[in-house]
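Structure first, commentary second.
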Amino acid sequence: MEVENQVNTIDVCQVTPYFDSSESATELSLPLTFSDIIWLRFHPVERIFFYKLTESTPTFFNSVILPNLKHSLSHTLLHFLPLAGNLIWPPQAIKPIILYTPDDGVQLTIAESTADFHLLSGNEVHGAADSRPYIPELPVTDSKASAIALKITLFPNHGFCIGISAHHAVLDGKSSTMFIKAWAHLCKLGDEDKRQYPALLTELTPVFDRIAMQDPEGLDMVYLNNWLELKWPGVDLNPRSLQLLPAIAVRSSSVRATFELSREDIKKLRERVLANLVKEGSKETRPIHLSTFVLVLAHGFVCIAKARGFESNRKVLIGFAVDCRARLDPPIHENYFGNCVSSCAAFTEAESLLEENGFMHVAEMLSELIKNLEKGVLDGAKETAASFMKEAAGGAALLGVAGSNRFEVYGTDFGWGKPEKVEITSIDRTGAISLAESKDGNGGVEIGFVLEKHEMEKFTSLFIMNCRSLEEFWSFYVTQHSKPSTRRWHFVGTLSSILLLLSSFVFNLWFLFIVPLVGYGFAWYSHFFVEGNVPATFGHPVWSFLCDCKMFGLMLTGQMDREIKRLGKRPILQGF
-7 MEVENQVNTI
3 DVCQVTPYFD
13 SSESATELSL
23 PLTFSDIIWL
33 RFHPVERIFF
43 YKLTESTPTF
53 FNSVILPNLK
63 HSLSHTLLHF
73 LPLAGNLIWP
83 PQAIKPIILY
93 TPDDGVQLTI
103 AESTADFHLL
113 SGNEVHGAAD
123 SRPYIPELPV
133 TDSKASAIAL
143 KITLFPNHGF
153 CIGISAHHAV
163 LDGKSSTMFI
173 KAWAHLCKLG
183 DEDKRQYPAL
193 LTELTPVFDR
203 IAMQDPEGLD
213 MVYLNNWLEL
223 KWPGVDLNPR
233 SLQLLPAIAV
243 RSSSVRATFE
253 LSREDIKKLR
263 ERVLANLVKE
273 GSKETRPIHL
283 STFVLVLAHG
293 FVCIAKARGF
303 ESNRKVLIGF
313 AVDCRARLDP
323 PIHENYFGNC
333 VSSCAAFTEA
343 ESLLEENGFM
353 HVAEMLSELI
363 KNLEKGVLDG
373 AKETAASFMK
383 EAAGGAALLG
393 VAGSNRFEVY
403 GTDFGWGKPE
413 KVEITSIDRT
423 GAISLAESKD
433 GNGGVEIGFV
443 LEKHEMEKFT
453 SLFIMNCRSL
463 EEFWSFYVTQ
473 HSKPSTRRWH
483 FVGTLSSILL
493 LLSSFVFNLW
503 FLFIVPLVGY
513 GFAWYSHFFV
523 EGNVPATFGH
533 PVWSFLCDCK
543 MFGLMLTGQM
553 DREIKRLGKR
563 PILQGF
């Protein structure tokens, strides 16, 4: 069944700031700063918050969950008025502005889905396009663009999800996360029946002061002119249009997966770099910034380059956005609402990622970019912005990151528990990887990827190449045998091999030649035609064989289901 056919739209409405307030009836406008304009035509940032709730019957959803979400959203918008408004470009204005007028509101779509909630909210490989029906379309025309759009989807008796599409020129990741957390805070602690809601916590109260965003270099007009002069292949852009760049279609062959690196995994990555530095005799002369951020991105980018098969001479742009609130001179309020990020990026040849020391090379690149921030977050911004946009339009491979392991998105509780999963859906169109803190709060990180199916299979093998023990590999092995029928085929193959092995000693030694054909034949059939992946044997033959034996033993004694439960019903793909 097509995913779209599993989602039924119930209602499309507009939620306005709480009507019984003089503030919500007051017009408000905000100018775009240079940090906003640089994202003017970028595709929206899209996220989905999945909440597991077995009591979420249609009756409970419509009588309790939905009213609470809508009313608390209305009260939240009172504190975040620009999000209820629109991005417009007045005829007499040099640049666009954000304008809220009375009766403006956020478009909210209500839907119901019969799709597999556990699959969508899990970490295992599944179709990238499967998430698209849960993301609202951001209303954008030539003359007006909504700040955000929301979609709430019920999965009867399983849970619900909240999808958000946010215009990148209106708010950055930190501001978007602050809004979602403020909404969750009011929803959880408010009294919907009495329409009473608590005051926002200080850390959730936005600051809209644009004067603090000083721009002595005139970067706003530099970035705006870059957009006006941009020539995008096959696109005839109206210079003053607010239409976004064409969205990249999500291929049916693209798949999405989430991997987790524990605190111990990250420690091993750090030790790997330090060992190389010592080996090269450069530990003292070449200091390197080895944060979790640097290590995770370096490992992920190198695996992507190899999995996608970059040509060695292809130009690669490696970059990330950095929060500037505390780095500007003078610094601005940490709750500043809008965009306050700067792009840090550098070019390299794909060959440097594909070499044996590619991980080390990228770690050093990222470390250098971070150390250069000490010179000033806006240093060289005027000269580099146009160059990056030109290279992006010219076909350079882009390796970037969305999200942060410091946003603490898994603390977003609307009153029915913490999220089962937080997904940055828009990486399926940008090619970036997503980053978040681990759900269990163990100090690890979650990394999301979208690749072609055959690329993901290769990527998975590359990502776990540093397995240090059989037990660590076993967690990955189980994810590759997630379907009961896959495990049954393996059981039949292993049992048949054992019987043939015994028969060879009793009847004829020629049976020995059939043993591996039968054993691997049944197993490989299940991978290619049942599970839909590549056998782990191809990358790790010895460990795969040992895990085959372990799974056979557990199934024979009826303990495999207990083992799957121990690892998690849908185990997280481990990086090592």
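Counting from 1, position 68 in the sequence shown corresponds to residue 60 in our numbering; the numbering is continuous, with no gaps.
C-beta atoms are modelled at their ideal positions from N, C-alpha and C, and glycine is treated no differently.
Residue from L22, N525, V522, H482 with nearest C-alpha to G511: Working through the sequence shown from its first residue, we reach residue 511 at position 519. Among L22, N525, V522, H482, the Cα nearest to that of G511 belongs to H482.
Simplified DSSP state of H150, which is helix, strand or coil: For the purposes of this step, residue 150 is taken as residue 158 along the sequence shown, with counting starting at 1. In this structure, H150 counts as coil in the three-state DSSP scheme.
Below 9 Å between beta carbons: does that hold for I40 and S123? Taking the first residue of the sequence shown as 1, we reach residue 40 at position 48. Taking the first residue of the sequence shown as 1, we reach residue 123 at position 131. In contact: I40 and S123 (Cβ atoms closer than 9 Å).
Look up T277 in the DSSP assignment and say whether it is helix, strand or coil. Position 285 of the sequence shown, counted from the start, is the residue given in the question as residue 277. The predicted position of T277 is uncertain, since its pLDDT is 48 and thus under 50; a value taken from the coordinates is nonetheless stated next. Coil at T277, not helix or strand.
Could you check how far apart the C-beta atoms of E438 and A428 are, in whole angstroms? I think they sit under 8 Å. Residue 438 sits at position 446 when you count from the first residue of the sequence shown. Residue 428 sits at position 436 when you count from the first residue of the sequence shown. Right, the Cβ-Cβ distance comes to about 5 Å (below 8 Å), so this counts as a contact.
Inter-stretch contact (C-beta, 8 Å, three-pair minimum) for the stretch 320 to 332 and the stretch 345 to 359: no
May I have the straight-line CA-CA distance separating L112 from S246, to the nearest angstrom? Counted from its first residue, the sequence shown places residue 112 at position 120. Counted from its first residue, the sequence shown places residue 246 at position 254. Rounded to whole angstroms, L112 to S246 spans 15 Å at the Cα level.
Whole alpha helix (DSSP H) runs in the stretch 364 to 447 with 4 or more residues, listed along the chain? 373 to 385, 419 to 422
Which of the three DSSP states, helix, strand or coil, is assigned to L58? Counting from one through the sequence shown, the residue named residue 58 turns up at place 66. If DSSP states are grouped into helix, strand and coil, L58 belongs with the helices.
Taking its Cβ as the centre, do 16 or more other Cβ atoms sit within 10 Å of E129, making it buried, or is it exposed? For this step, residue 129 is matched to residue 137 along the sequence shown. Counting Cβ neighbours within 10 Å, E129 comes out exposed, since fewer than 16 surround it.
So, at 7 Å on beta carbons, what are the nonlocal neighbours of Q551 in its own chain, with the 5 sequence-adjacent residues on each side left out? Within the sequence shown, the letter at position 559 stands for residue 551. Closer than 7 Å at Cβ, skipping near neighbours: no residue.
For T197, which of F455, P83, L178 has the nearest alpha-carbon? Working through the sequence shown from its first residue, we reach residue 197 at position 205. T197 has its Cα closest to that of L178, out of F455, P83, L178.
Express the C-alpha separation of D183 and L454 in angstroms, rounding to a whole number. Translated into the one-based positions of the sequence shown, residue 454 becomes position 462. Translated into the one-based positions of the sequence shown, residue 183 becomes position 191. Cα to Cα, the separation comes out at about 50 Å.
If you draw a straight line from the C-alpha of L472 to the C-alpha of I172, how long is it? Position 480 of the sequence shown, counted from the start, is the residue given in the question as residue 472. Position 180 of the sequence shown, counted from the start, is the residue given in the question as residue 172. Residue 472 is actually Gln in this sequence, not Leu. Their backbone Cα atoms lie some 34 Å apart in a straight line.
Could you compute how far the alpha carbon of C153 sits from the alpha carbon of L443? Taking the sequence shown and counting its residues from 1, the one referred to as residue 153 is at position 161. Taking the sequence shown and counting its residues from 1, the one referred to as residue 443 is at position 451. When rounded, the distance between both Cα atoms is 24 Å.
Taking CB distances under 9 Å as the criterion, tell me whether P125 reaches chain C. Of the protein chains in this structure there is only one, and it is not chain C.
Could you tell me which residues DSSP pairs with K307 in its beta bridges? Within the sequence shown, numbered from 1, the residue matching residue 307 stands at position 315. K307 is bridged to E341.
With F42 as the anchor, note down where its beta strand (DSSP E) starts and where it stops. Here residue 42 is taken as the residue at index 50 of the sequence shown, counted from 1. Note, F42: beta strand (DSSP E), 37 to 44.
What whole-angstrom Cβ distance do D134 and S233 have, given they're in contact under 8 Å? On the sequence shown, residue 134 is found 142 positions in, with the first residue counted as 1. On the sequence shown, residue 233 is found 241 positions in, with the first residue counted as 1. Right, their Cβ atoms sit about 4 Å apart.
Chain-order list of residues whose beta-carbon lies under 8 Å from that of G513 (same chain, five-residue window excluded): Taking the sequence shown and counting its residues from 1, one reaches residue 513 at position 521. Here the set comprises G485.
Integer Cβ distance of G409 from Y126, believed to fall under 8 Å: Here residue 409 corresponds to residue number 417 of the sequence shown, with the count starting at 1. Here residue 126 corresponds to residue number 134 of the sequence shown, with the count starting at 1. No, G409 and Y126 are not in contact; Cβ-Cβ is about 19 Å, not under 8 Å.
For F499, name the three-state secondary structure that DSSP assigns. Along the sequence shown, read from residue 1 onward, the residue named residue 499 stands at position 507. Coil.
L361 beta carbon near the ligand SAM (any heavy atom closer than 8 Å): The ligand SAM is not part of the structure shown, which contains no ligands of any sort.
Of the choices M205, T340, N434, whose alpha-carbon is the least far from that of L253? As a working mapping, residue 253 is identified with position 261 in the sequence shown. That would be N434, whose Cα lies nearest to the Cα of L253.
Would you report the Cα separation of K445 and L20, rounded to the nearest angstrom? Translated into positions along the sequence shown, residue 445 becomes position 453. Translated into positions along the sequence shown, residue 20 becomes position 28. If you take the alpha carbons of K445 and L20, they lie about 47 Å apart.
Residue closest to E400, alpha-carbon to alpha-carbon, out of K166, N218, R480, Y328: Along the sequence shown, read from residue 1 onward, the residue named residue 400 stands at position 408. It is K166.
Touch check for the stretch 67 to 74 and the stretch 411 to 420: three-plus C-beta pairs under 8 Å? no
Give the C-beta separation of V(-1) and A174 to the nearest angstrom, bearing in mind that I take them to be a contact with Cβ-Cβ under 8 Å. As a first step, residue -1 must be located in the sequence shown, where it is residue number 7. As a first step, residue 174 must be located in the sequence shown, where it is residue number 182. Rounded, the Cβ-Cβ distance is 28 Å, inconsistent with contact.
Would you tell me roughly how many angstroms separate the C-alpha atoms of N115 and P476, rounded to the nearest one? The residue you call residue 115 lines up with position 123 of the sequence shown. The residue you call residue 476 lines up with position 484 of the sequence shown. If I take the Cα positions, the gap works out to 18 Å.
Taking A342 as the reference, give the member of N218, I296, D371 with the closest Cα. What you label residue 342 is simply residue 350 of the sequence shown in a count that begins at 1. Of the listed residues, the one whose Cα sits closest to A342 is I296.
By DSSP, does G182 sit in helix, in strand, or in coil? On the sequence shown, position 190 is the one that residue 182 refers to. Coil at G182, not helix or strand.
For N78, report the span of its beta strand (DSSP E) as first-last. The residue you call residue 78 lines up with position 86 of the sequence shown. Start and end: 78 to 80.
The beta strand (DSSP E) spanning N0 covers which residue range? In the sequence shown, counting from the first residue as 1, residue 0 sits at position 8. Unbroken beta strand (DSSP E) run through N0: -1 to 7.
Can you list, in chain order, the residues of its chain with a C-beta nearer than 7 Å to that of T1? Leave out the 5 residues immediately preceding and following it. Taking the first residue of the sequence shown as position 1, residue 1 is located at position 9. These residues qualify, in order along the chain: T101, A103.
Would you mind reading off the limits of the alpha helix (DSSP H) that contains P508? For the purposes of this step, residue 508 is identified with residue 516 of the sequence shown, where counting begins at 1. That run of the alpha helix (DSSP H) goes 507 to 518.
With DSSP collapsed to three states, give me the class of L100. The residue given as residue 100 occupies position 108 in the sequence shown. The answer is strand: DSSP assigns L100 an E or B state.
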